[in-house]
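Numbering (our numbering), first residue to last: 760 to 870.
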């Protein structure tokens, strides 16, 4: 299984890593490693984390208060956001519209 980032998700990762690096040398690298470790878990077990919407899931990092919001389909993981756990909940939902899901749209089941 492969993975890629939504451009805004990659920017969030880079900005948070820069912030942590400015706080303490080496901390930004440790943050990025924690995020990529979460992505490795996602790639290995893409359906292991709870749904936040019809298709988006969140895997929490282990050492920082961040979650990796992602979609998994056809052996590919698409990272929508690298989101702080205590700030602006749900801000990333507008990014789902470009991925075939309306924010807040109910699950549609065919009969």
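In this text, a Cβ means the ideal position worked out from N, Cα and C, and glycines have one as well.
From a predicted model like this one, the values you see are computed outputs, not experimental measurements.
*Ends of the alpha helix (DSSP H) at residue 778?*
Looking up residue 778 in the chain shown gives position 19. Segment 766–782, the alpha helix (DSSP H) holding residue 778.
*residue 779 burial status per 10 Å Cβ neighbour count (16 or more: buried)*: Within the chain shown, residue 779 is the residue found at index 20, counting from 1. Its Cβ being crowded by 16 or more others within 10 Å, residue 779 is buried.
*Is it true that the CB of residue 840 sits closer than 8 Å to the CB of residue 771?*
Sequence index remark: in the chain shown, residue 771 carries index 12 (1-based). Sequence index remark: in the chain shown, residue 840 carries index 81 (1-based). Yes; because the gap between Cβ atoms is below 8 Å, this pair is in contact.
*Might you give, ordered along the chain, the residues of its own chain that have their beta carbon closer than 7 Å to the beta carbon of residue 776, omitting 5 neighbours on each side?*
Here the question's residue 776 lines up with position 17 in the chain shown. Cβ within range, chain order: 787, 790, 791.
_Check this for me: beta carbons of residue 825 and residue 801, under 8 Å apart or not?_
For the purposes of this step, residue 825 is taken as residue 66 along the chain shown, with counting starting at 1. For the purposes of this step, residue 801 is taken as residue 42 along the chain shown, with counting starting at 1. No; because the gap between Cβ atoms is not below 8 Å, this pair is not in contact.
*Could you name each continuous alpha helix (DSSP H) segment of 4 residues or more that falls completely within the segment 785–832, going from the start of the chain to the end?*
List check, alpha helix (DSSP H) in window: 786–803.
*Give the secondary structure of residue 856 by DSSP, where H, G and I count as helix, E and B as strand, and everything else as coil.*
Counting from one through the chain shown, the residue named residue 856 turns up at place 97. Here residue 856 sits in helix by DSSP.
*With distances taken from CA atoms, which of 855, 781, 760 is nearest residue 804?*
Looking up residue 804 in the chain shown gives position 45. Looking at 855, 781, 760, the one whose alpha-carbon comes closest to that of residue 804 is 760.
*Please work out which residues of its chain come closer than 8 Å, Cβ to Cβ, to residue 806, disregarding the five sequence neighbours upstream and downstream, and give them in chain order.*
Sequence index remark: in the chain shown, residue 806 carries index 47 (1-based). For residue 806, where only same-chain residues beyond five positions count, the Cβ hits under 8 Å are 816, 831.
*Buried or exposed: residue 812, going by 16 or more other Cβ atoms within 10 Å of its Cβ?*
As a working mapping, residue 812 is identified with position 53 in the chain shown. By the 10 Å Cβ count, residue 812 comes out buried.
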